[in-house]
Every structure is written in C-alpha cells, then in structure tokens.
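Engineer: Those letters in the sequence shown? Residues -28 to -1, 1 to 359, by mature numbering (1 follows the signal peptide of the UniProt record, and there is no 0). We treat Cβ as the ideally placed atom computed from N, Cα and C, and that holds for glycine.
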Amino acid sequence: MKTSKKIMALALTGALAASSVSVVSVSAEPKKATIGVCFYQDTGKAPNATKAFLESLADTLNVEFKYGTFTQTDEAANLTKVQELIASGVDGIIGTMDLGTQSILSECEAAGIYYAGYLCDFDTSYTTAYDDVFGNSNFLGTVVDGHAPDDVNIGDQFFDSLIEYNERNADAPLTHVSMAVFPVWAFPAQTTAAEQFVADVEEYNKTAETPITVDPLDEEVDVLNFAPLDSTYFSKHPDTQAIMSFAAGTSFVYPTMVSAGVDSDIKLFTTGADGGEETNFGSAGTQTYQQIAFTGAESIVYPLVLMLNKINDTEFADMPEKAERISTELYIVNSDEDMELYVNSLYNTADAANAAYTPEDVLNMTAFGNPDATYAGLVEAVQTLTY
C-alpha cells in the first residue's frame, strides 16, 4: 500500500508539472492579495517549512503573507491577533486553532474577508457549531493534521509499522508494547487510535505464531497532560519493548527515555518530528526511533487555493455547497529508506526547492490560473502527500 501511494503522489506531481507548462495561461494577473497565517507556535518544523513554502509561492500567486501566532488556551488573545491582521489590511486569514472561531468569523464577516483552517480538525466547531461555522460563507473549510476524528486511521498505521518492523527483524521481534496519549478531552482521536491499535493487535493474535502483548493504558502515567513522560512509566511497564506514542513522542517521550537510560533498550514509534531523529532512527545510532509521522506543509494549498479563488472572483465548478474539513495522509517514516526521503524533505529542511509542488503547480490548482482545475483535484493534491 505504501508503495502504491508513493507512485500515485509522484504521478500527480508529474501531471501537475506537465500541465502547468501547457495549461496555465492566466488571462489576467492574479489580483494582489494579502493573507495572514496564524500558527500554533512561532517556530518549529511545521511553521518553518510552511513559511518557506508560502514565500516561494508569493510572486507567482501575487500574494503577500503576514504571520502571527495563536494560543491554545486564550480565546481573547486569538481574537486580538485576528483584529490586528484585519487592521493591517489582509484579505483573508488561515488559522491553526479552533478556539473562538465564531467570534473570529464575526470579525471576518464585518471586515469582508475570508477565514480557513490548516493543521486543525476544527472539531469543536464541527460538532457544536456546524451551521454557524461550516455554513458561514466567510469560512472556507480546513485541512486536518492527519485524518479527521470521525475517520481515524493512525492506530492502523502504527500497527502496520510494528508488523513491518517485526518482519524485518524476525529473529528479534517486538512482542510486548505500551502506549502514550494526550488527554482525551484535548485529543480524542488519540484515544480512538490507541483503541484501534489494540483491536488490530487482538485480531492479529488470533492467528499469529508469536502474539503481541499490549499493556492497557494507565491513566496515571500513560496519559501525558502536556508534560514530559514521567520516569515511573518504565516501572509501570517493566516488560515493554516499544512505546507506541500517539502523543508527540519526539518532544514528550524521547527525552525521558534518554534521561532514564532506556533509549538503547526500548523502541519508540511516534507521531511528529522535531529534527535530529535520523541520528537514532532505524538501524542508526541507538536505533530508538522506528517511526515518526508528519503532515506535509504543502497541504496548506487547500485553504490557500480556496481563499485565492474567492479573492480572484472565481470558483470551481464542483465546489461543495458548504465548507468541508479534509483529511490528509501522513508521511509515515518507518524505514531507513523513508528516512532518507524525510531528511531531504521540505518539512525537515524548510527549503522550498524540496517541496512536492512548485509555484506553477499551485497556480495550476486554482480556478483563475487553470479553467480546468477542480475542487476534487485540489483535494487529491493534498491527500497524495505521503510515503
């Protein structure tokens, strides 16, 4: 499956590159636009890569980008940031937090600008204020960091990575694992993913010659309240050979493994990437990391293209009636070969030369740059960003 997805992504990229030469003939210069982008933190792999990618598009799309930072807890602060961007003259804002969204949309409506999401499932709005948010003509939808909560698949992916590891290491397979998640109130999809992983293992064990034991989640130490893994984790899970961290293990689990001196003995399968993982990934170094996963920064083309279409008074013929939230496929890095790709990726290098899409590709995704462009094609461009 992973190989077929790689081929599909390469094929799509190639098709866009080819069509951008012959199809893109902009009858008029794209309107000058200014778009604000508010990240969940100032710096880091995702913000840095996204900024580099956006700046590479600026001239071709005739866009100036302004950046800000949202908080994860202060609705008033986020609203203030939106007001500041509106006062600076932006035509639209892309945000990474679903906090105070209805108030933010009220400000955007009053100013006559658009709002959209990136790396966020907007689940609070989706489940409690769907009509007010997704039915609002100023809200253009969001692209999720992975799959949406009603379409979780990361538990299956963790299971696949574990089985692939065991197939490569048949003489020393991992047969006892434990888990880590963030609190269910904040990230319900992680608990769902953990349950999905356990169900996959239970099904596997029905016919497996070497069954796998999964320690049940321990509320005291396995649920990380946005603080590093406690060192007592290892006494609670004395037999674990690997930690399946659905939480951000590079930041919250790995440092504790190192300080506890278990990083050479216990493997880590996780989401996220902070940089430097390649030193101890796969067959390298301590061989601690056996999976990292991330959403490609190029997925921001979803809200960006929809916003630019609006600003340029164009629309896809197949545009849905209401705004949508679109799942993405993660880049699952679980082999030395995948790590070679990751090391040279846009996400890791923040070098737009390594992006999956060129500025011409992105222009070709827009309705004003390509009269044959479709909404379905835009969604496909986002959902084929995977290894």
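Does the separation of the CB atoms of Gln263 and Ala219 fall below 8 Å?
Structural biologist: No.
Engineer: Quick check: the Cα distance between Glu136 and Ala171, rounded to an integer number of angstroms?
Structural biologist: Distance between the alpha carbons of Glu136 and Ala171: 17 Å.
Engineer: Pull up the distance between the alpha-carbon of Val(-5) and that of Met337, whole angstroms please.
Structural biologist: In this prediction, Val(-5) scores a pLDDT of 43, lower than 50, which makes its location untrustworthy; the coordinate-derived value is nonetheless stated afterwards. If I take the Cα positions, the gap works out to 9 Å.
Engineer: Could you tell me the distance, in whole angstroms, from the CA atom of Pro2 to the CA atom of Asp285?
Structural biologist: C-alpha separation (whole angstroms): 10 Å.
Engineer: Since Ser271 and Val334 should fall inside the 8 Å C-beta cutoff, what is the C-beta to C-beta distance between them, to a whole number of angstroms?
Structural biologist: Between Val334 and Ser271 the Cβ distance is about 12 Å, and since that is not below 8 Å, they are no contact.
Engineer: Check each candidate in Pro331, Gly118, Leu350 and name the one with the smallest Cα separation from Asp33.
Structural biologist: Checking the displayed sequence, the identity of residue 33 turns out to be Leu instead of Asp. Selected option, being the one with the closest Cα: Pro331.
Engineer: Would you say the stretch 25 to 43 touches the stretch 322 to 331, given that touching needs at least three Cβ pairs under 8 Å?
Structural biologist: The stretch 25 to 43, when compared against the stretch 322 to 331, does touch it at the 8 Å Cβ threshold.
Engineer: For Ala327, which three-state DSSP category applies?
Structural biologist: Here Ala327 sits in coil by DSSP.
Engineer: Please return the same chain residues whose Cβ sits closer than 6 Å to the Cβ of Thr243, not counting the five positions on each side in sequence.
Structural biologist: Counting only Cβ-Cβ distances below 6 Å, and skipping sequence neighbours, we find Ala265.
Engineer: If we require 3 or more residues per run, which beta strand (DSSP E) segments fall completely within the stretch 11 to 45?
Structural biologist: Here the runs fully enclosed are 35 to 41.
Engineer: State the Cα-Cα distance for the pair Glu287 and Ala339, rounded to the nearest angstrom.
Structural biologist: Computed Cα separation, rounded: 6 Å.
Engineer: Whose CA, out of Ala59, Asp128, Asp323, Tyr12, lies closest to the CA of Ile66?
Structural biologist: When only C-alpha atoms are compared, the closest one is Tyr12.
Engineer: Evaluate the contact criterion for the stretch 135 to 155 versus the stretch 204 to 221: three or more CB pairs, one atom per stretch, below 8 Å.
Structural biologist: They touch, by the three-pair rule.
Engineer: Can you grab the Cα-Cα spacing for the pair Tyr261 / Ala199, in whole Å?
Structural biologist: Their Cα atoms are separated by approximately 20 Å.
Engineer: Quick check: the stretch 44 to 52 against the stretch 342 to 350, are at least 3 beta-carbon pairs closer than 8 Å?
Structural biologist: Touching, no.
Engineer: Expressed to the nearest angstrom, what Euclidean distance is found between the alpha-carbon atoms of Gly221 and Ser231?
Structural biologist: C-alpha separation (whole angstroms): 14 Å.
Engineer: Based on the DSSP secondary-structure assignment, which residues constitute the bridge partners of Val149?
Structural biologist: Val186, Ala214.
Engineer: Cα separation between Ile58 and Asn177?
Structural biologist: Near 56 Å, if we compare the C-alpha coordinates of Asn177 and Ile58.
Engineer: If we count the other Cβ atoms within 10 Å of its Cβ and call it buried at 16 or more, is Gln55 buried or exposed?
Structural biologist: Looking at its Cβ environment, which holds fewer than 16 other Cβ atoms inside 10 Å, Gln55 is exposed.
Engineer: Would you grab the beta carbon distance between Leu196 and Phe224 for me? Rounded to a whole angstrom, and I think it's under 8 Å.
Structural biologist: 5 Å between Cβ atoms; contact.
Engineer: Can you list, in chain order, the residues of its chain whose CB lies under 7 Å from that of Val234, leaving out five sequence neighbours each side?
Structural biologist: Phe206.
Engineer: I believe Ala269 touches Ala88 by the beta-carbon criterion, under 8 Å. Please report the beta-carbon distance rounded to the nearest angstrom.
Structural biologist: The pair is not a contact, with the Cβ atoms about 16 Å apart (cut-off 8 Å).
Engineer: Quick check on the DSSP output: the alpha helix (DSSP H) that includes Lys208 runs from which residue to which?
Structural biologist: Residues 205 to 208.
Engineer: For the structure I just gave you, are there three or more beta carbon pairs, one from the stretch 294 to 308 and one from the stretch 95 to 109, closer than 8 Å?
Structural biologist: Result yes; three or more Cβ-Cβ pairs closer than 8 Å.
Engineer: In chain order, what residues of the same chain lie with their CB nearer than 8 Å to the CB of Leu350, ignoring the 5 residues before and after it?
Structural biologist: Val273, Tyr274, Val277, Leu278, Phe288, Met337.
Engineer: Express the C-alpha separation of Lys239 and Ser203 in angstroms, rounding to a whole number.
Structural biologist: Roughly 16 Å separates the two Cα atoms.
Engineer: Quick one: what's got a C-beta closer than 6 Å to Asp187's C-beta in the same chain, skipping five residues either side?
Structural biologist: The answer, listed in chain order, is Ser150, His209.
Engineer: Name the one or two DSSP bridge partners that Ala220 has.
Structural biologist: Per DSSP, Thr243.
Engineer: By alpha-carbon positions, which one of Trp157, Leu134, Asp14, Ala144 ends up nearest to Val173?
Structural biologist: Nearest of Trp157, Leu134, Asp14, Ala144 to Val173, Cα basis: Leu134.
Engineer: Could you pull out every residue in the same chain whose Cβ sits closer than 7 Å to the Cβ of Met60, ignoring the five residues on either side in sequence?
Structural biologist: What sits at residue 60 in the sequence shown is Ser, not Met. Cβ neighbours of Ser60 beyond the five flanking positions: Lys38.
Engineer: Applying the 10 Å Cβ sphere with the 16-neighbour rule, what's the burial state of Thr356?
Structural biologist: Looking at its Cβ environment, which holds 16 or more other Cβ atoms inside 10 Å, Thr356 is buried.
Engineer: What first and last residue would you give for the beta strand (DSSP E) that runs through Gln263?
Structural biologist: Counting along the chain, the beta strand (DSSP E) containing Gln263 begins and ends at 261 to 266.
Engineer: Output the distance between the C-alpha atoms of Ser317 and Thr228, rounded to the nearest integer angstrom.
Structural biologist: Going by the C-alpha atoms only, they are around 27 Å apart.
Engineer: Enumerated in chain order, which unbroken segments of the beta strand (DSSP E) with a length of 3 residues or greater are wholly contained in the stretch 105 to 171?
Structural biologist: The qualifying runs are 111 to 115, 148 to 152.
Engineer: Going by beta carbon distance, what residues of the same chain come within less than 6 Å of Ile184, once the five residues before and after it are set aside?
Structural biologist: So the list reads Thr147, Val173, once near-sequence residues are dropped.
Engineer: What is the DSSP secondary structure of Thr6, counted as helix, strand or coil?
Structural biologist: Thr6 falls in the strand class under three-state DSSP.
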